[in-house]
Amino acid sequence: MPLTMAKIGEINIIKRIGGREDTRRFLYNLGFVEGGEICVVTSIGGNVIVDIKGSRVAVSREMALKIII
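Numbering (our numbering), first residue to last: 42 to 110.
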């Protein structure tokens, strides 16, 4: 399921990252890697703030739909 459907506070594992090569590279540079743990801190209108590798990162709804957990 896409990251936009994750419950707040629940730890999930990233299974796949879709999208174009530049999008995947951008997310990889932010720490979004397959097998990595991710936790949604808050969600506002589909946009999410996540805790990944000890850092909080804001992700747009469009990017969050490309991250499969």
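Glycine included, each C-beta is placed from N, C-alpha and C at the ideal position.
The model shown is predicted, which means the values in this text are computed figures rather than measured ones.
| Query | Result |
| --- | --- |
| Alpha carbon to alpha carbon, how far is VAL74 from VAL81? Give it in angstroms, no decimals. | 15 Å |
| Run through DSSP, which three-state label would GLU75 get? | coil |
| Measuring only the C-alpha atoms, how far is PHE67 from GLY60? | 11 Å |
| When we look at the beta-carbon of ASN154 and count the other beta-carbons within 10 Å, is it buried (16 or more) or exposed? | Residue 154 lies beyond the stretch modelled for the chain, which goes from 42 to 110, so this question has no answer here. |
| Within the same chain, show all residues whose beta-carbon is closer than 6 Å to that of ALA99, passing over the 5 residues directly before and after it, in chain order. | ILE90 |
| Classify LYS48 as buried or exposed, calling it buried when 16 or more other Cβ atoms lie within 10 Å of its own Cβ. | exposed |
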